[in-house]
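To start, the structure itself, in structure tokens.
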Amino acid sequence: MRTLVKNIKELVGVESTPQLRKQGKEMAQLETVKDAYLLVEDGKIKAFGPMSGLKEVNADCVVDAAGRMVMPTFCDSHTHIVYANSREHEFVDKIRGLSYEEIAKRGGGILNSAKATAAASEDELYDMAKQRLDDVMRMGTGAIEIKSGYGLSTESELKLLRVIRRLKETSPMTIKSNFLGAHGIPMEYRGHQEDYVDLVINEMIPRVADEGLADFIDVFCDQGFFTVEDTARILEAGIKHGMRPKIHANEMAVSGGVQVGVKYNAISVDHLEQMGDAEIECLKGSDTMPTILPGCAFFLNLPLSPARRMIEAGLPVAMASDYNPGTSPSGNMQLVLSMACIRYRLTPEEAINATTLNTAYAMGVSDEVGSIAVGKRANFYITKPIASYEYMPYAYGENKVERVFLNGVEI
Ligand code: NIG
Ligand code: FE
């Protein structure tokens with residue numbers, strides 16, 4: 000099966016020499032081809048280049064992209080889309096002055112979601128999550144990481160992870176699963192949370208590993224949630240069972256989360272609203288992708304992670320949606336791209352790399368998605384007629400994606 004996309008006004012995010020991630024100054028490099036073609040064969044990118052170099056090809060399907068950009072689909076490396084209820088009442092409480100931590104302390108927040116999620120069946124959770132997945136796919140997301148974490152009991156966590164396994168089996172998207180049993184401390188463990196940590200280590204992790212349900216192991220390592228010591232113990236247990244760390248760190252406080260993540264070779268440390276010089280130093284030379292979640296900082300009015308300082312220090316930066324009912328009820332990566340430029344002062348080139356190649360790295364799939372390169376999956380979108388790729392972050396709130404192709408097939 001061959002598909003030819005021709006007359007592309009500009010083909011964006013091409014790589015002649017594919018890299019696994021872009022860091023520091025490299026983040027400003029975004030190769031494009033003007034007046035281009037893209038040839039897809041059996042779901043993979045076969046060739047691309049200027050129209051002037053296109054030889055006669057027999058294609059089963061020809062798409063004319065005149066006046067339009069073609070871009071690699073977004074990779075969203077941090078989401079929590081398996082949940083039962085929205086939380087707009089807490090949203091109103093926050094407007095009236097309560098903080099996220101205060102709501103969590105009184106049993107709201109993650110525990111509120113866990114209660115509703117425990118009561119929902121696997122089929123109900125699957126249907127809700129599939130709808131969210133299809134919605135973000137139509138907005139241009141092609142790969143996604145999905146966490147458990149609204150279970151907080153062994154059976155409920157397994158239920159969520161089985162939903163993610165079904166999503167992997169039924170969706171054309173590239174999906175990775177992350178076991179986040181240590182997301183919140185259930186009420187009955189308050190005051191002795193080490194017993195909950197023991198449950199995660201001794202019961203949950205072995206069961207999750209037995210069923211092969213998780214690619215990654217996550218912990219909400221932060222003030223008021225899990226400590227650095229809890230995190231180290233859980234990550235060690237996860238690693239023993241074949242899961243690579245990928246954690247929540249430094250959202251509420253400079254908590255040692257970045258250091259513990261780097262120590263255990265986390266593929267990414269995520270949030271990073273609270274970053275000192277020591278955190279930036281510690282990330283240098285590591286294989287860990289610092290990942291910022293602009294939607295969460297926007298929704299909770301948190302300080303902004305120092306993205307520019309990190310890039311100027313030579314680090315890579317990734318940006319993901321954090322799609323979840325409590326701190327970022329949107330998985331719109333077009334909006335994340337806009338916030339990357341508007342709020343964090345990334346250039347459009349840096350922002351595109353931060354939401355495609357670097358997020359692909361942060362979920363361990365940058366060898367197969369995240370850019371337009373020969374041999375990678377043919378995951379791309381065709382924009383509506385627009386004048387330049389800078390229009391993508393500029394026109395925030397507008398859907399600029401017209402057609403989406405995953406593995407060479409239009410969805
Ligand atoms: O990434 N920070 C921890 N977990 C989620 C929020 C979960 C919730 O409030 O439901 C996050 O922001
Ligand atoms: Fe999160």
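Residue numbers (numbering that gives the first Met the number 0): 0 to 410. All C-beta atoms, glycine included, are put in the ideal place defined by N, C-alpha and C. On a predicted model such as this, the values are computed, not experimentally measured, just so you know.
Identify, in the order they occur along the chain, each residue of the same chain with its Cβ nearer than 7 Å to the Cβ of Asn258, setting aside the five sequence neighbours on each side. Within the sequence shown, the letter at position 259 stands for residue 258. According to the sequence displayed, residue 258 carries Gln and not Asn. Cys281.
The region 203-211 in contact with the region 165-173 per 3-pair CB rule at 8 Å: Taking a cut-off of 8 Å on C-beta distances, the region 203-211 does not touch the region 165-173, as fewer than three cross pairs fall below it.
Across the region 209-216 and the region 241-250, are there enough close Cβ pairs to call them in contact, namely three or more that are closer than 8 Å? Yes, the region 209-216 is in contact with the region 241-250.
Which residues mark the beginning and the end of the beta strand (DSSP E) in which Ala46 is found? Stepping through the sequence shown from its first residue, residue 46 is reached at position 47. 43-49 is the span of the beta strand (DSSP E), which, as asked, contains Ala46.
Taking the C-alpha atoms as reference points, what is the distance between Leu19 and Thr358? Here residue 19 is taken as the residue at index 20 of the sequence shown, counted from 1. Here residue 358 is taken as the residue at index 359 of the sequence shown, counted from 1. Here the alpha carbon of Leu19 sits roughly 10 Å from the alpha carbon of Thr358.
Examine ligand 2 and report whether any of its heavy atoms sits within less than 8 Å of the Cβ of Cys220. Residue mapping note: residue 220 aligns to position 221 of the sequence shown, counting from 1. No, since every heavy atom of ligand 2 falls outside the 8 Å radius drawn around the Cβ of Cys220.
Start-to-end residues for the alpha helix (DSSP H) that takes in Glu154: For this step, residue 154 is matched to residue 155 along the sequence shown. Run containing Glu154: 153-169, per the alpha helix (DSSP H) assignment.
What three-state label does DSSP hand Met68 in the structure shown? One-based indexing of the sequence shown puts residue 68 at position 69. In the three-state reduction of the DSSP assignment, Met68 falls in the strand class, which pools E and B.
Three Cβ pairs or more, each shorter than 8 Å: is that satisfied between the region 374-394 and the region 36-46? These segments touch.
Residues near Met136 by beta carbon distance below 7 Å, same chain, minus five either side: Counting from one through the sequence shown, the residue named residue 136 turns up at place 137. Excluding sequence neighbours, Met136 sits near Met172, Val403, Ile410.
Nearest by alpha-carbon distance to Ile109: which of Tyr263, Thr326, Gln22, Glu154 is it? The count along the sequence shown starts at 1 and reaches residue 109 at position 110. Out of Tyr263, Thr326, Gln22, Glu154, Thr326 has the C-alpha closest to the C-alpha of Ile109.
Three-way DSSP call (helix, strand, coil) for Ile174 in this model: Counting from one through the sequence shown, the residue named residue 174 turns up at place 175. DSSP places Ile174 within a strand segment (E or B) once states are collapsed to three.
If we ignore side chains and look at the alpha-carbon of each, how far apart do Glu121 and Glu154 end up? Here residue 121 corresponds to residue number 122 of the sequence shown, with the count starting at 1. Here residue 154 corresponds to residue number 155 of the sequence shown, with the count starting at 1. Spanning the two alpha carbons is a distance of roughly 11 Å.
Which residues in the same chain have their Cβ closer than 6 Å to the Cβ of Gln273, if we skip the five residues on either side of it in sequence? Here the question's residue 273 lines up with position 274 in the sequence shown. Excluding residues within five positions, the ones whose Cβ falls inside 6 Å are Asn249, Ala252, Val253.
Taking Met309 as part of the beta strand (DSSP E), name the residues at either end of that continuous run. Against the sequence shown, residue 309 aligns to sequence position 310. The continuous stretches of beta strand (DSSP E) do not include Met309, which lies in the alpha helix (DSSP H) extending over residues 306-311.
Assign Met332 to one of three DSSP states: helix, strand, or coil. Here the question's residue 332 lines up with position 333 in the sequence shown. In the structure shown, Met332 sits in a helix (DSSP, three-state: H, G or I).
Could you pull the DSSP bridge partners for Met318 from this structure? Residue mapping note: residue 318 aligns to position 319 of the sequence shown, counting from 1. Answer is Ile291.
Cβ contact (3+ pairs, closer than 8 Å) linking the region 256-271 and the region 288-306: Short answer: they touch.
Sufficient close CB pairs (3 or more, under 8 Å) joining the region 357-373 to the region 65-80: A contact exists between the region 357-373 and the region 65-80.
Residue closest to Gln222, alpha-carbon to alpha-carbon, out of Lys8, Ser15, Tyr99: Sequence index remark: in the sequence shown, residue 222 carries index 223 (1-based). Taking only the C-alpha atoms, the option nearest Gln222 is Tyr99.
Helix or strand or just coil, what does DSSP make of Pro205? The residue you call residue 205 lines up with position 206 of the sequence shown. Note: Pro205 maps to helix in three-state DSSP.
Is the beta carbon of Pro289 less than 9 Å from the beta carbon of Tyr343? Your numbering for residue 289 matches position 290 in the sequence shown. Your numbering for residue 343 matches position 344 in the sequence shown. The criterion of a C-beta distance shorter than 9 Å is not satisfied by Pro289 and Tyr343.
Between Asp92, Asp133, Thr2, Phe47, which has its C-alpha nearest Gly330's C-alpha? Here residue 330 refers to the residue found at position 331 of the sequence shown. The candidate whose alpha carbon is nearest that of Gly330 is Asp133.
Between which two residues does the alpha helix (DSSP H) harbouring Glu89 extend? As a position in the sequence shown, residue 89 is number 90, starting the count at 1. 87-94 is the extent of the alpha helix (DSSP H) around Glu89.
Can you give the Cα-Cα distance for Pro17 and Ile80, rounded to whole angstroms? Here residue 17 corresponds to residue number 18 of the sequence shown, with the count starting at 1. Here residue 80 corresponds to residue number 81 of the sequence shown, with the count starting at 1. If I take the Cα positions, the gap works out to 30 Å.
Go ahead and label Met50 buried or exposed: buried means 16 or more other beta carbons lie within 10 angstroms of its beta carbon, across all protein chains shown. In the sequence shown, the residue the question calls residue 50 occupies position 51. Met50 comes out exposed.
Determine the extent of the beta strand (DSSP E) in which Ser267 is found, giving its start and end residues. Working through the sequence shown from its first residue, we reach residue 267 at position 268. Run containing Ser267: 267-270, per the beta strand (DSSP E) assignment.
With hydrogens ignored, establish whether the beta-carbon of Thr226 is closer than 8 Å to any heavy atom of ligand 2. Sequence index remark: in the sequence shown, residue 226 carries index 227 (1-based). Not one heavy atom of ligand 2 falls within 8 Å of the beta-carbon of Thr226.
Helix, strand or coil, according to DSSP, for Arg376 in the structure here? Here residue 376 refers to the residue found at position 377 of the sequence shown. In the structure shown, Arg376 adopts extended strand secondary structure according to DSSP, grouped into three states.
Asn352 versus Ala117 - alpha carbon distance: Residue numbering aside, residue 352 sits at position 353 when the sequence shown is read from its first letter. Residue numbering aside, residue 117 sits at position 118 when the sequence shown is read from its first letter. Between Asn352 and Ala117, the C-alpha separation is close to 37 Å.
Pull up the CB-CB distance for Val4 and Val69, whole angstroms please, since I reckon it's below 8 Å. By 1-based counting over the sequence shown, the position of residue 4 is 5. By 1-based counting over the sequence shown, the position of residue 69 is 70. About 6 Å separates the two Cβ atoms, so the contact holds.
Would you list the residues sitting across from Lys33 in a DSSP beta bridge? Working through the sequence shown from its first residue, we reach residue 33 at position 34. Paired residue(s): Glu9.
Asp75 CB to nearest heavy atom of ligand 2 below 8 Å: Here residue 75 refers to the residue found at position 76 when the sequence shown is read from its first residue. In this structure, Asp75 has its CB at a distance of at least 8 Å from all heavy atoms of ligand 2.
Rounded to the nearest angstrom, how far is the Cβ of Glu311 from that of Gln28, given a contact under 8 Å? Within the sequence shown, residue 311 is the residue found at index 312, counting from 1. Within the sequence shown, residue 28 is the residue found at index 29, counting from 1. Taking 8 Å as the upper bound for CB-CB distance, Glu311 and Gln28 are not in contact here, some 16 Å apart.
CB of Thr355 within 9 Å of CB of Gly66, strictly: Here residue 355 refers to the residue found at position 356 of the sequence shown. Here residue 66 refers to the residue found at position 67 of the sequence shown. No, the pair does not count as a contact, with Cβ atoms beyond the cut-off.
Buried or exposed: which applies to Asp229, given that a residue is buried once 16 or more other Cβ atoms fall within 10 Å of its Cβ? Numbered from 1 along the sequence shown, position 230 holds the residue referred to as residue 229. Burial call: buried.
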